Amino acid sequence: MWFKNLFKLMSHDMAIDLGTANTVVYVRGRGVVLNEPSVVAIETENGIQRVRAVGDDAKLMMGKTPDAIQAIRPLRDGVIADIDVAEQMIKHFIQKVHGPRRFPRWPEIVICVPSGSTKVERRAIRDAASNAGASQVWLIEEPMAAAIGADMPVTEAIGSMVVDIGGGTTEVAVLSLRGLAYTTSVRTGGDKMDEAISSYVRRNHNLLIGEATAERIKKEVGVALMPADGKGQTIHIKGRDLVNGVPKEIAINQGQLAEALSEPVGTIVEGVRIALENTAPELAADIVDQGIVLTGGGALLEGIDEVLRRETGLPVTIAEDPLTCVALGTGRALEEEIFRGVLTTG
Ligand SMILES: Nc1ncnc2c1ncn2[C@@H]1O[C@H](COP(=O)(O)OP(=O)(O)OP(=O)(O)O)[C@@H](O)[C@H]1O
Ligand SMILES: [Mg+2]
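Laid out in C-alpha cells, this is it:
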C-alpha cells in the first residue's frame, strides 16, 4: 500500500480541463500546474503548416498576426472547431507538463471535454492523449467536474445545482448521487459577452474593436447589473473608426456595459430558469436549501450572482476559484476512489 502510494506520487497522472477559452492541467499530488489560453498560432510556409506558438504566446498574437500566421482557437462555442489543431494543442500541453524526462510509467489522463462534443470528437481527443503517451484516457462531463471541484455533495442523495459559465457555453446541471439528474447547455458564455460589447461600441460609437480588447473591458469593468446611478465607472477604449478608418478613442461607462451585456446575461438566466422548471420536486426542494453554485470564468463578471439571486430567489454563491474549479474537480476524480464512477471511456 505504502509502496503503491509512493509510486502514484512519482507518476505523472494528469487531469486536463480542455476548455474553449482556457486549458488547465492538474497533476496528481501537485495540483494545478498549467493554465493557458486554448489558442494555437499556425504558420503556413509553402503550403506546409507548422505550429508557431501555443497558449499564452499564441493568444498575444491574436488579431495581430501577419498573413502567413493564423492564431486559431480550436474549440469554439463549446464544440471542437478544428480537431487537428486541438490535438496538437493537447500534445503540446502534455509535453510541457511532462518535460523531457522519461516517465516512471505511462500516465493515466482524465480529460474534461466540452459537453457539446460528438462521439467522433471525443474519440479524437482520446487518441490525441494516447498518442501523447497516456496509458489510459478517461473522460468526464464538465458540470460533474465543476461540482466536484466546488466541493458540492455530489455523492450524496442531496440535489444541488451548478452553473458553469465558460467561454463558449454555460452548462446548468442538477446533480445527485454521483449522477447528472438534469443538464442543459446554452451556447452563451464569455465569448458572447465579448461580442455583445464589440457590437455595442460599433453600433453606438462607430468604433471597431478587437476580440482581445472587448474581453479586457469585460474583465476590468464589465457588469451584469445596472449601477445604482445608471453610470458607474467610465473607461476609455481605443479602436478604429468605422466611418473614416482612423484610430480613435471613446469613453464608455458601466451603465452602457450593463446594457450591452443584458442579452447574454438574460440568456444565462433563462437557461437556469428552464433547468429549475425541469427539476424533480424533491431535488428542487434541496436546491432551495443548497442554493446555486457558480463556476467558470463568467462567474467573475461583476454582479452576475446578484442577477441570478434576484431572478430565482435562491441563494447563489461563487466557487472559490471559478477558473480552475473544473480542473480541480477533474483532478479529484482522478485521485479519489469515491469519484471513479463518474469517469467514462467515451
Ligand atoms: N473577471 C472576469 N470577468 C468576466 N469574465 C471573465 C473574467 N475572468 C475571466 N472571464 C471570462 O471567462 C471565460 C473563460 O472561462 P473558463 O476558463 O471557465 O472557460 P472554458 O472552460 O475555457 O470554456 P468552456 O467551459 O465553455 O469550454 C472567458 O470568456 C473570460 O473572458
Ligand atoms: Mg469550462
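The letter at position 50 of the sequence shown is residue 96 when you use this note's numbering, and the numbering goes up by one with no holes.
Just so you know, even glycine gets a beta-carbon here, dropped at the ideal spot from N, CA and C.
Keep in mind that this is a model prediction, so the values were computed, not measured.
Check: Given 8 Å, three or more beta-carbon pairs between the region 150-165 and the region 182-199; Outcome: yes
Check: Proximity below 8 Å, CB of residue 304 to CB of residue 270; Outcome: yes
Check: Runs of beta strand (DSSP E) lying entirely within the region 213-261, each at least 3 residues, in chain order; Outcome: 216-222, 225-232
Check: Member of 316, 284, 93, 169 whose CA lies at the smallest distance from the CA of residue 251; Outcome: 284
Check: Sequence ranges, beta strand (DSSP E) only - wholly within the region 97-170, length at least 3; Outcome: 115-118, 154-159
Check: Beta-carbon proximity of residue 188 to residue 161, cut-off 8 Å; Outcome: yes
Check: Residue 210 CB to nearest heavy atom of ligand 2 below 7 Å; Outcome: yes
Check: Any non-hydrogen atom of ligand 1 within 7 Å of residue 369 CB; Outcome: yes
Check: Backbone secondary structure at residue 343 - three-state DSSP; Outcome: helix
Check: Sheet register partners of residue 282 (DSSP bridge); Outcome: 297
Check: Beta bridge counterpart(s) of residue 88 as assigned by DSSP; Outcome: 97, 116
Check: Alpha carbon of residue 245 to alpha carbon of residue 368, nearest angstrom; Outcome: 27 Å
Check: Endpoints, the alpha helix (DSSP H) within which residue 353 is located; Outcome: 350-358
Check: Proximity of residue 216 and residue 317 at Cβ, strictly below 8 Å; Outcome: yes
Check: Residue 186 - DSSP class collapsed to helix/strand/coil; Outcome: strand
Check: Beta-bridge partners of residue 83, as assigned by DSSP; Outcome: 68
Check: Near ligand 1: residue 80 beta-carbon under 7 Å from a heavy atom; Outcome: no
Check: Backbone CA spacing between residue 145 and residue 327 [nearest angstrom]; Outcome: 51 Å
Check: Per DSSP, the bridge partner or partners of residue 210; Outcome: 217, 341
Check: Closer than 7 Å: residue 66 CB and nearest ligand 1 heavy atom; Outcome: yes
Check: Which residues DSSP lists as bridging residue 364, in chain order; Outcome: 340
Check: Pick from 73, 312, 95 that is closest to residue 143, judged by C-alpha positions; Outcome: 73
Check: Buried versus exposed call for residue 234 [16 or more other C-beta atoms within 10 Å across all chains shown]; Outcome: buried
Check: Buried or exposed (CB count within 10 angstroms, at least 16 for buried), residue 384; Outcome: exposed
Check: Assigned exposure category for residue 275 - 16 Cβ within 10 Å defines buried; Outcome: exposed
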